[in-house]
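Undergrad: Residue -14 is where the sequence shown starts when you use my numbering, and the numbers rise one by one after that. Built from N, CA and C at the ideal position, the CB exists for glycine as well. Predicted model, so just to flag it, every value in this text is computed and none were measured. One structure coming up, written as structure tokens, with questions to follow.
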Amino acid sequence: MRAYTERDVLSRIKGGIVAATLRACHVERLCIGSQIDLIVVFDLFAIRKQAHRLNDLSIVIYDSSGGDLPDDSGVPEGARAIGIPFSRHAVRVFRSDIYKNSISSAVVGRLIGLNDDDMRAAFEKRFGRRGAQALQYNLDALAVGHELADEVGLTVDEGLYEIVSADSKPHMLITGNEAVAFGFVVAGGRFFAGYPITPSTDIMEWLQKWLPRFGGIVRQAEDELSVINMAIGAALTGTRTMVATSGPGLSLMQEGIGQLGMAEIPLVVVDSQRSGPSTGMPTKPEQSDIDVLVYGGHGDFPRIVLAPGTPQECFHITVKACNLAEKYQLPVFIALDQGLSQNLATIDPIDEGQVVVERGKRLDAESLAGMAVYKRYAFSEDGVSAFAPPGTPGGMSLVTGNEHDEFGQVSTDPGNRMRMMQKRQSKLKTMQTDLPRAVTHGVETADIGFIGIGMTHGVILEAMDILAARGVPTQYHQPQTLWPMLDETPDFTRGCPCVFVVEYNATGQLARLIVAHGGAEAHIESVLVYDGVPLRAEDLVQKVIERMDSRRHKAA
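So, in structure tokens, the structure goes:
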């Protein structure tokens, strides 16, 4: 059984409607469906907000502490509504309304066929770290919930849904943020700097717990200006380094990112995108940083922008990003989004034993002893100069944000400037065969295609299945390298008559990037989502059908 979860949290400290959604399938689904089978709600506003996703087969468990549902609740006539006074019992027994969450969890467990003992074991694991009192209160709340479930007829072994699988194969339940952090540790990352910012903070919190156990350091700075400069200093010592942020923090980092480009310093920068501009909607998904990831920072310098679409890819892309950053001595960006970052998904176990760590042209004292002279920025055929970490005997060099010569000395000589610019830019050609290639799905000869990154991945795959069931074949090109733009992506748009580029922004940044590098603009249909609500597969299918009908009408 595969699980996928989605969180809907308002962009405020407290208050409003908060929702957590779980989808369980026998096949992998990396998105939430448009219909709700079972919902637990604590107030009428929550029911009305989700009413459009309910149907005659839905089960609605509501808090009846304030009375029965009114006729205008929005619950379909055929749906089964079960009232349970969660809040009343939580306040009466525990003197706190918050325990209605644990009480209702017991009811949900019964509905989906979870064994009471398994539920208790899960609570012990979840709340045990919070102390004996918190654990006991929540175990007591679980017991209250089971009693209430008995009262409404939801007894043991009579669950209305059966999602418990007998499959003994091990799986992982992990978010994209956790997979990125895990990949960084396995890749040999040993320094991380960050500042709390939704939705990237989970990366820092995970690393704060685990990185020190492997001899690494995590520093929480006062702002992103300090973050990027701490990271530059750490990377200069030869330590594999990463930072993680979101749009506003990425904006503050731009001057430091320019120094990475000029001084040829390797760094991995994770950008978990959210709705912007400015503070925007911190807890809502968007992919509106593509332009700044590709073009951000003043002046010309090479960079790499990678885009995973699943937690597994988050792990492997992070390892690849660490290797590429040091091999080509430049900043490598990983483009995430709120959904990919924070939603949990069941995946097959990651085999960290297959990871290969590449450090690039790295010099030690023995290598330096055999050199007549060490030039930190020596001209080379591939544009990459050998690097000796500061403190290595014989490896003294200068580092500056100014233009410089081969030794790192500041230089404004026109000839040197031309050669240094060409040296740095030549890396873009050198790295071509080293960059992650696109993943392709579907029918290669189909006339309808998709392009998408990040959290659009699961939606596109399910939409393809729905269309296939209706006799409509499609294909999907999932680029994993956004910059430098590989020929394969523009080529895909030229070879497929109608390509839907699905992205979470208002201006079609991914589509424009593809067209700017040779993509067939006439073949591209942009599907733009920027209301903060995750796209559903059924909605994407409807958009495809409408656009195809419109195209046929125009052709006629």
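Could you spell out the range, first to last residue, of the alpha helix (DSSP H) harbouring R537?
TA: A522 to A540
Undergrad: Within 10 Å of its beta-carbon, does V45 have 16 or more other beta-carbons around it, so buried, or fewer, so exposed?
TA: buried
Undergrad: In whole angstroms, give me the CA-to-CA distance for M215 and S58.
TA: Here the C-alpha atom of M215 lies approximately 54 Å from the C-alpha atom of S58.
Undergrad: Are Q272 and D187 touching if we call contact CB-CB under 8 Å?
TA: no
Undergrad: For P267, report the span of its beta strand (DSSP E) as first-last.
TA: M266 to P270
Undergrad: Please identify the residue among A448, R95 and L467 whose C-alpha is closest to the C-alpha of Q460.
TA: Of the listed residues, the one whose Cα sits closest to Q460 is A448.
Undergrad: Do you know offhand how far P375's Cα is from R344's?
TA: 16 Å
Undergrad: Residues in the same chain with beta-carbon distance under 8 Å from R33, minus the five sequence neighbours each way, listed in chain order, please.
TA: S58 and G59
Undergrad: Taking the alpha carbon of G179 as the reference point, which residue from L495, E388 and E190 has its own alpha carbon closest?
TA: Minimum Cα distance to G179 is reached at E190.
Undergrad: Check each candidate in W195, A330 and D349 and name the one with the smallest Cα separation from G168.
TA: W195
Undergrad: Taking the continuous beta strand (DSSP E) assigned at S511, which residues delimit it?
TA: I509 to L513
Undergrad: When DSSP builds the beta bridges, which residues end up paired with E488?
TA: Looking at the DSSP assignment, E488 forms a beta bridge with L513.
Undergrad: Taking the alpha carbon of D367 as the reference point, which residue from A330, A522 and L413 has its own alpha carbon closest?
TA: L413
Undergrad: According to the neighbour-count rule (16 or more other Cβ atoms, all chains shown, within 10 Å of its Cβ), is E506 buried or exposed?
TA: exposed
Undergrad: Taking only three categories from DSSP, how would you classify Y362?
TA: Note: Y362 maps to coil in three-state DSSP.
Undergrad: Going by C-alpha distance, which of A4, M(-14), R409 and A206 is nearest R(-8)?
TA: That would be A4, whose Cα lies nearest to the Cα of R(-8).
Undergrad: Once you ignore the five residues that flank T113 on each side, which residues in its own chain have a CB closer than 7 Å to its CB?
TA: It should be pointed out that residue 113 corresponds to Gly in this sequence rather than to Thr. Here the set comprises L120.
Undergrad: Who are the Cβ neighbours of S49 in its own chain at under 7 Å, not counting the five residues just before and after it?
TA: G68, I69 and P70
Undergrad: Using the Cα positions of R38 and H442, report the straight-line distance between them to the nearest angstrom.
TA: 22 Å
Undergrad: Any idea what DSSP makes of T377, helix, strand or coil?
TA: coil
Undergrad: Is the segment 247 to 256 touching the segment 304 to 313, taking contact as three or more C-beta pairs under 8 Å?
TA: yes
Undergrad: State buried or exposed for V212, treating a residue as buried only when at least 16 other CB atoms are found within 10 Å of its CB.
TA: buried
Undergrad: V26: which of L99, C10, A330 and T6 sits nearest, CA to CA?
TA: T6
Undergrad: Just confirm the distance between the C-beta atoms of D256 and T230, as a whole number of angstroms; I'd bet it's less than 8 Å.
TA: Indeed they touch by this definition, with Cβ atoms about 6 Å apart.
Undergrad: Checking 8 Å against the spacing of the C-beta atoms, do A275 and A320 come in under that value?
TA: Rather than Ala, the amino acid found at residue 275 in this sequence is Ile. The answer is yes: Cβ separation under 8 Å.
Undergrad: Taking the runs of the alpha helix (DSSP H) that are 4 residues or longer, which of them lie wholly in the segment 79 to 127?
TA: 85 to 96 and 101 to 112
Undergrad: In terms of DSSP beta bridges, what is D(-7) paired with?
TA: A4
Undergrad: Does the beta carbon of D56 come closer than 8 Å to any beta carbon on chain B?
TA: Among the chains of the structure shown, chain B does not appear; only one protein chain is present.
Undergrad: Go through its chain and collect everything with a Cβ distance to K408's Cβ below 7 Å, but skip five positions before and after it.
TA: F364 and G368
Undergrad: Write down the C-beta distance between G130 and A91 rounded to the nearest angstrom, noting that I regard them as a contact closer than 8 Å.
TA: 3 Å
Undergrad: Is S273 helix, strand or coil by DSSP?
TA: coil
Undergrad: So the candidates are L420, A453, Q417 and M406; which of them puts its Cα closest to the Cα of H426?
TA: A453
Undergrad: Whole angstroms is fine: what's the gap from R80's alpha carbon to G138's?
TA: 26 Å
Undergrad: If you run the structure through DSSP and keep just helix, strand and coil, what is P399?
TA: P399: helix per DSSP, three-state reduction.
Undergrad: According to the neighbour-count rule (16 or more other Cβ atoms, all chains shown, within 10 Å of its Cβ), is H11 buried or exposed?
TA: exposed
Undergrad: Do T478 and G504 have their CB atoms nearer than 8 Å?
TA: The answer is yes: Cβ separation under 8 Å.
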